[in-house]
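Protein chains in written order, with the working numbering: chain A, 521 to 776; chain B, 521 to 776. Structure first, commentary second.
Number of protein chains: 2
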Amino acid sequence: MKSSKPRALAIVHAETSTGVLQDLTGLAELAHGKGALLVVDAVTSLGGHPVGVDRNAIDVCYSGTQKCLGAPPGLAPITFSERALERIRARKSKVQSWYLDMTMVEKYWGSDRTYHHTAPISMNYALREALRIVCDEGLEARWRRHELNHRALVAGIEAMGLEMNVAPEHRLWSLNAVRVPAGVDDARVRGRLLNDSNIEIGGGLGPLKGKIWRIGLMGSGSSRENVLLVLEALRRALDAEGFSCASGMEAAQGTY
Amino acid sequence: MKSSKPRALAIVHAETSTGVLQDLTGLAELAHGKGALLVVDAVTSLGGHPVGVDRNAIDVCYSGTQKCLGAPPGLAPITFSERALERIRARKSKVQSWYLDMTMVEKYWGSDRTYHHTAPISMNYALREALRIVCDEGLEARWRRHELNHRALVAGIEAMGLEMNVAPEHRLWSLNAVRVPAGVDDARVRGRLLNDSNIEIGGGLGPLKGKIWRIGLMGSGSSRENVLLVLEALRRALDAEGFSCASGMEAAQGTY
């Protein structure tokens, strides 16, 4: 008889396609009350926002190296709670994937050292160095930096008469979603930013395609210089597209 | 009705755990005659031995970056024949793994550029540089270098009174399996090589555990200097373990 009880509650902490930060409060109680694991995607938050793996009683939490941690892409840091490990160890069916067979990976990472894969050692060193830099700055100082630069960008964007796509209390600091003003061609503005100013910002995906710009301020990219640079470049690109607006520079500067 | 016809003939070209080179001649005819794809693991041969993807009509061939190509580990170069692509495109069941869903990867690598994963770009650059070095040397010259250093090592090993584990016609050039002489402790000798000479060689796996040493001569590691170094270090390690034997240096030198 197949159980109809939920096995996992999986959620994205920092939703890169919309710029929304998901509040994790209470989710573990909800999941654990139903016997489910809480699985959290922290790809765009780890290193830029507090994640609180233990505080939020997350059972499986994974991230990427290339966002707020500031290492090259190529690895996915992952952590498991005791509850998750028990679930993994108790499974009776064969794991369908060698790649993500955590029963094998656990033996490889553990004291057994049973061969599972050849570790991408250059990436491991790169992540180690990135984490050293995170520690040098301090995790809390790093969060505050991501928040401050986000606030400065928002102040500039709003001074330009543009709108953020997400309500203030749900905004990511690392990924800033700005509404494309009516009558402005999303792709042409992004093309100008890329070609004239060497700045790449993201477009909207799915239902938001053509409707938002996604401005990343992650890791070392979250800086006062970059905030001012993108605000001015965006103003010039909009101006070239016939959409004149005020400068956001002063408002952004005022935040610092 | 489930077909009982074979769907694929999968084979390892260069068998790293035993040091055996698999002759690929005739395998495609055999596989294709039964309607099966020929899938070849060329992890330890690509760049060190001729693989002949087209000549041998291989349908799916994959390798690693960290063996004879001489790049860091972290990527798996892979190629598909038209026959394999047709099979992939015609599949009706859902691919069980996002990671190796080639229907999605094809759209990402192709002109669609539909997002599938964030490419490990530093590794891509590293592989590009490694391939540039391969091209500088020339693929055929690289094969000859791997063969020559292999022959020199074998000459030295045999002059020391030791035996290779694989018959001459089936020997890999990149991975050399040497029988552990009777009465010699495999792990102690490898420990001495590592600690005294900073040389790491592999031990046997499975039924060959404790019975062979596996000496890698791959990429830039396949050099005259390394052949002479490991021969002399092995002689000293064996001597320290109470197994005295002749030097293999002169025989190895004679090969060049």
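Where a beta carbon is used, it is the ideal one built from N, C-alpha and C, also for glycine.
Three-state secondary structure assigned by DSSP to residue i
i       : result
V573(A) : coil
N715(A) : helix
I653(B) : helix
T801(A) : In this structure chain A extends from 521 to 776, so residue 801(A) is not present and cannot be described.
Y619(B) : coil
M624(B) : helix
M521(B) : Low per-residue confidence applies at M521(B): pLDDT is 48, beneath 50, and the placement is therefore not dependable enough to give any value.
R734(A) : strand
E761(A) : coil
M778(B) : The shown model of chain B, from 521 to 776, leaves out residue 778(B), and the question about it has no answer.
M684(A) : strand
V698(B) : strand
L566(B) : strand
G741(A) : helix
G722(A) : strand
G658(A) : coil
P727(B) : helix
A591(B) : coil
R633(B) : coil
V704(B) : coil
R611(A) : coil
Option nearest residue i by Cα separation, candidates the options
i       : options                               : result
W618(B) : P592(B), Y635(B) and N696(B)          : Y635(B)
G568(A) : C655(A), L659(A) and T538(A)          : L659(A)
L589(B) : L558(B), L647(B), L605(B) and R671(B) : L647(B)
A591(B) : E649(B), V540(B), L566(B) and G711(B) : E649(B)
L544(A) : K554(A), H552(A), A556(A) and V560(A) : V560(A)
A757(B) : Y776(B), M680(B) and W693(B)          : M680(B)
V698(A) : V674(A), S717(A), L713(A) and L714(A) : V674(A)
A672(A) : E535(A), I578(A), E745(A) and G594(A) : E745(A)
L735(A) : G539(A), N718(A), A528(A) and I531(A) : According to the sequence shown, residue 735(A) is Ile rather than Leu. Checking every option, the nearest Cα to that of I735(A) belongs to G539(A).
S740(B) : E535(B), G768(B), G774(B) and A661(B) : A661(B)
A777(B) : S565(B), T599(B), R691(B) and T564(B) : With chain B represented from 521 up to 776, any question about residue 777(B) goes unanswered, as that position is not in the structure.
A604(A) : A556(A), R575(A), W733(A) and A596(A) : A556(A)
V747(A) : N715(A), A551(A) and H670(A)          : H670(A)
G774(A) : L692(A), E678(A), H690(A) and Y628(A) : E678(A)
W693(B) : Q542(B), L651(B), N715(B) and L547(B) : Q542(B)
A528(B) : N696(B), T536(B) and D579(B)          : D579(B)
V686(A) : I732(A), G726(A), N644(A) and R652(A) : I732(A)
G768(A) : D759(A), R755(A) and E761(A)          : R755(A)
A760(A) : R710(A), A772(A), E770(A) and P727(A) : R710(A)
A771(A) : G676(A), S524(A) and L668(A)          : G676(A)
T623(B) : R609(B), S631(B), S764(B) and S613(B) : R609(B)
Min CB distance residue i to chain A below 8 Å
i       : result
P727(B) : no
G711(B) : no
T638(B) : yes
G584(B) : yes
Q773(B) : no
I641(B) : yes
A646(B) : yes
P593(B) : yes
E535(B) : no
Beta-carbon contacts of residue i that lie in its chain and below 8 Å, excluding the five residues immediately before and after
i       : result
G730(A) : V700, D706, A707, G723 and G724
D656(B) : none
I719(A) : L713, L749, V750 and A753
Y628(A) : T634, Y635, H636 and H637
M521(A) : For M521(A), the pLDDT reaches just 47, beneath the cut-off of 50, and the residue's location in the model is therefore unreliable, although a value from the coordinates is still provided. Within the same chain, M521(A) has no close Cβ partners at all.
Residues of its chain near residue i, where Cβ-Cβ distance is below 6 Å and the 5 sequence neighbours each way are ignored
i       : result
A562(B) : H533, V571, C581 and S583
D621(B) : V615
E683(A) : R699
L550(A) : none
Residue(s) in a DSSP beta bridge with residue i
i       : result
F600(A) : V580(A)
L558(A) : L529(A)
E535(A) : V540(A)
N669(B) : N669(B) is not bridged to any residue.
R691(A) : V540(A)
C-beta neighbour in chain B for residue i, strict 8 Å
i       : result
Y619(A) : yes
A596(A) : no
M769(A) : no
A530(A) : no
P526(A) : no
M521(A) : With a pLDDT of only 47 at M521(A), under 50, the local geometry of the prediction cannot be trusted, and no value is derived from it.
Same chain, Cβ closer than 7 Å to residue i, five either side skipped, listed in chain order
i       : result
R777(A) : As displayed, chain A neither begins before 521 nor continues past 776, which places residue 777(A) out of reach and without an answer.
P593(A) : G584, T585 and Q586
H690(B) : V540 and L541
V654(B) : G567, L589 and R662
Neighbour flag for residue i against chain C, beta carbons, 8 Å
i       : result
Q542(B) : The displayed structure is made up of protein chains A and B, and chain C is not among them.
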